[in-house]
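This report refers to the structure that appears directly beneath it.
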Amino acid sequence: MNLRGCYTLFYKELLRFFKVALQTVMAPVVTALLYLLVFAHVLEDRVQVFGEIGYTVFLVPGLIMMSVIQNAFANSSSSLIQSKVTGNIVFILVSPLSYLELYLAFVGAALARAVVVGLGVWAVAAAFVSVPLEHPGWALLFMVLGGAVLGTLGVIAGISAEKFDQLAGFQNFIIVPLSFLSGVFYSLHSLPPFWQQLSRFNPFFYMIDGFRYGFFGVADVHPGLSLAVTAGAWLALAGLTLVMLQRGYKLRN
Amino acid sequence: MTAVSIRGVHKRFGEVHALRGVDLEIRRGEFFGLLGPNGAGKSTLINIMAGLTRADRGQVAILGHDVVRDYRQARRALGVVPQELVFDPFFTVREVLRIQAGYFGLRDEAWIEELLSALMLSDKADANMRALSGGMKRRVLVAQALVHKPPVVVLDEPTAGVDVELRKSLWAFITRLHRNGHTILLTTHYLEEAESLCGRIAILNHGSVVALDTTRGLMEQGIGNTVCVSITTAEPLVRIPEALRSRLKRQEGELVVFQLHKNRDSLLDLLDGLRAAGARIKALHTEEADLEDVFIELTRARAGGARP
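If you read the sequences in order, they're chains U and W. Throughout the first sequence, residue numbering follows our numbering, covering -11 to 241 in sequence. Throughout the second sequence, residue numbering follows our numbering, covering 11 to 318 in sequence.
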């Protein structure tokens, strides 16, 4: 295995988003904070979630995970589409990196950005509200798995898209709706039965619900089920991505 | 020993048969020219060597390493300077070179400094790629291709669209690489460039090798021995004299273009013949044969039964 080569691509991807940290780290943290301020102000006393847990406290893990999901996807997908459109992807493709090394580097960097942004949201939210952390291991597991799933989806979208607007379509019509409708702002049990059933087909719901279990020790569904769905989604998507990279789909014509 | 082995390579892009069974052997230490007009298949062939494109049929090996089965070793042995001025706008020149070396598992600061110095980039080492001129970006591309010290270097039209000074400095640098033992594969539109640098030349047209010989051998066959003469007359010529018709290339209004053989034809005879036909010559311009002319010559040679 070309470990130094894989690490170099990972490091390059880190350097890429840190060079524009205002856009890639600061902006999503501020956005999440705005959601927190607005929704907490409007809904704090009107929405009942998990027993005694206040709405603002309930909201924080959801916002952290939503930031993880959106930023993991944005990192790998934008890096790949930019490299493809500008043509500088040739520098990676002429290197001796294997398809597995490419995958690990891109998804690893996407995960790193997701974790940095997620921790940033958490740190800023902590200034306003105290959030318990009942099971840190579960929270960490779902953050890493959720970031890996979305980093992988970002690689698929970045490879498949040929233009920026195709990628924007993927982001605006799939990633954003699925993350907004995954229980970030509400508990599944507060929905009408039809929407409750529909939400169970949204894999993002399990990432957020499992992550929330790490904080409160309670969740809408059993955390084992959430883990199985999230890990299953990651394995399936990772398998698909590795096949795409190995075959050079839309990369090596 | 063979540096590059290309055997029976075919590639189709939809209906377009870009490569039609290309066979080439480039020996180690050779300075090899790959010539051809746009769309001939040069870049496709190079992309297959570099692993950017996959051949439908046939095998390509770099220093004996198959570019598909043994791609890691093949890519370590090959440095490619792409035709397009591509760059990563996020990084400085030095970062770009460190990153490219890292992909190959290397970290050699001394070699990076040497490359920066040899390509006159030392004072721009910490400048962002976006801040560089086109010529400088071209030199960074050369440095990126060499950063892992590949024994085989492919330059895909490195002097296309660059000014005379940069072209000369790139020629000098490439010549130095060759003297130091690198195998060079150069693609170019400029016959003059291939003539002065390459020991052997292959000419690719419509995806097939139409000529393969030493540079001297090709020139001895008459290729490159023609000159184009463009003449502008006061009024359009109604009739081209019979004796000059075989040399006529094209006629558009007042402009008439002839193609003369440097040794066999006389410019004075051409002018006398035109004056005798009533032409009042306003302007005259001569230029060396370009690749299109070479292909016309090759086609004629083939039609006449001569070996291209």
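We put the beta carbon where it would ideally sit given N, CA and C, even for glycine. Source: prediction; values computed, not measured.
Query                                                                                                                                                                       : Result
Tell me whether Gly51(W) sits in a helix, a strand or coil according to DSSP, three-state version.                                                                          : coil
Residues of chain W with CB closer than 7 angstroms to the CB of Thr(-4)(U), please, in chain order.                                                                        : Ile109, Gly112 and Tyr113
For the alpha helix (DSSP H) containing Phe321(U), name the first residue and the last one.                                                                                 : With chain U covering only -11 through 241, there is no way to say anything about residue 321(U).
Alpha carbons only, please: which of Arg22(W), His75(W), Gly191(W) and Lys272(W) is nearest the one belonging to Gly49(W)?                                                  : Arg22(W)
Applying the 10 Å Cβ sphere with the 16-neighbour rule, what's the burial state of Asp98(W)?                                                                                : buried
Which partner residues does Thr12(W) have in the DSSP bridge list?                                                                                                          : Arg37(W)
Could you have a look at Gln184(U) and say whether DSSP puts it in helix, strand or coil?                                                                                   : helix
Quick one: is Arg67(W) near chain U, going by C-beta distance under 8 angstroms?                                                                                            : no
Using the beta-carbon count (16 or more within 10 Å), is Arg249(W) buried or exposed?                                                                                       : exposed
Starting from Thr74(U), trace the alpha helix (DSSP H) in both directions and tell me its first and last residue.                                                           : Tyr43 to Thr74
Using three-state DSSP, classify Asp4(W) as helix, strand or coil.                                                                                                          : Because residue 4(W) is not part of the residues shown, which for chain W are 11 to 318, the question remains open.
Against chain W, with Cβ distances strictly below 8 angstroms, would Phe79(U) count as a contact?                                                                           : yes
How long is the line joining the alpha carbons of Met139(W) and Glu94(W), rounded to whole angstroms?                                                                       : 15 angstroms
Would you mind giving the Cβ-Cβ distance between Ser148(U) and Lys238(U), rounded to the nearest angstrom? I have them listed as a contact below 8 angstroms.               : 6 angstroms
In chain order, which alpha helix (DSSP H) runs of at least 4 residues are fully inside the segment 88 to 156 of chain U?                                                   : 124 to 148
Assign Asn190(W) to one of two classes, buried (16 or more other C-beta atoms within 10 Å of its C-beta) or exposed (fewer than that).                                      : exposed
Report the neighbours of Lys0(U) on chain W: residues whose CB is nearer than 7 angstroms to its CB, in chain order.                                                        : Ile109
Can you give, in chain order, each stretch of the alpha helix (DSSP H) that sits fully within the segment 133 to 207 of chain W and has at least 4 residues?                : 144 to 156, 174 to 189 and 201 to 207
Tell me, to the nearest whole angstrom, how far the beta carbon of Asn63(U) is from that of Arg101(U); I am working on the premise that it is less than 8 angstroms.        : 4 angstroms
Check whether the segment 53 to 70 of chain U and the segment 137 to 156 of chain U are in contact - that is, three or more C-beta pairs closer than 8 angstroms.           : yes
Can you tell me the Cβ-Cβ gap for Ile69(U) and Phe152(U), rounded? I've got them flagged as a contact below 8 angstroms.                                                    : 6 angstroms
With distance defined between alpha-carbon atoms, name the residue in Ala286(W), Arg274(W) and Glu264(W) nearest to Leu294(W).                                              : Glu264(W)
Looking only at its chain, what residues have a beta carbon closer than 6 angstroms to the beta carbon of Arg30(W), apart from the 5 residues adjacent to it on each side?  : Gly217 and Ser218
State the Cα-Cα distance for the pair Tyr(-1)(U) and Ala97(U), rounded to the nearest angstrom.                                                                             : 8 angstroms
Would you grab the beta carbon distance between Val162(W) and Val103(W) for me? Rounded to a whole angstrom, and I think it's under 8 angstroms.                            : The pair is not a contact, with the Cβ atoms about 24 angstroms apart (cut-off 8 angstroms).
Name, in chain order, the residues that DSSP records as bridge partners for Gly89(W).                                                                                       : Val163(W)
Evaluate Asp173(W) with the Cβ neighbour count: other Cβ atoms within 10 Å of its Cβ, from every protein chain shown; 16 or more gives buried, anything less gives exposed. : exposed
Given this structure, state the Cα-to-Cα distance separating Leu88(W) from Pro160(W), to the nearest angstrom.                                                              : 5 angstroms
Since Lys151(U) meets chain W, which of its residues come closer than 7 angstroms, beta carbon to beta carbon?                                                              : Going along chain W, no residue has its Cβ under 7 angstroms from Lys151(U), so there is no contact; the nearest lies around 18 angstroms.
Report the residues of the segment 71 to 98 of chain U with a CB closer than 9 angstroms to any CB of chain W, ordered along the chain.                                     : Ser71, Thr74, Gly75, Asn76, Ile77, Val78, Phe79, Ile80, Leu81, Val82, Ser83, Pro84, Leu85 and Ser86
Report the rounded CA-to-CA distance for Pro318(W) versus Leu228(W), giving the unit in angstroms.                                                                          : For Pro318(W), the predicted structure reports a pLDDT of 35, less than 50, and the residue's modelled location is therefore unreliable. A value from the coordinates is still provided. Taking the straight line from one Cα to the other gives about 8 angstroms.
Please name the residue, chosen from Asp118(W), Glu167(W), Ser132(W) and Leu55(W), that lies closest to Arg67(W) on a Cα-to-Cα basis.                                       : Leu55(W)
Name, please, each residue of chain W whose Cβ falls closer than 7 angstroms to the Cβ of Asn241(U).                                                                        : Thr63
Please list, in chain order, the residues of the segment 84 to 106 of chain W that have any C-beta partner in chain U closer than 7 angstroms.                              : Arg85, Arg86, Val90, Pro92, Glu94, Val96, Phe97, Asp98 and Phe100
Is Val26(W) closer than 8 angstroms to Val70(W) when the C-beta atoms are compared?                                                                                         : no
Does the Cβ of Leu(-9)(U) have 16 or more other Cβ atoms within 10 Å, making it buried, or fewer, making it exposed?                                                        : exposed
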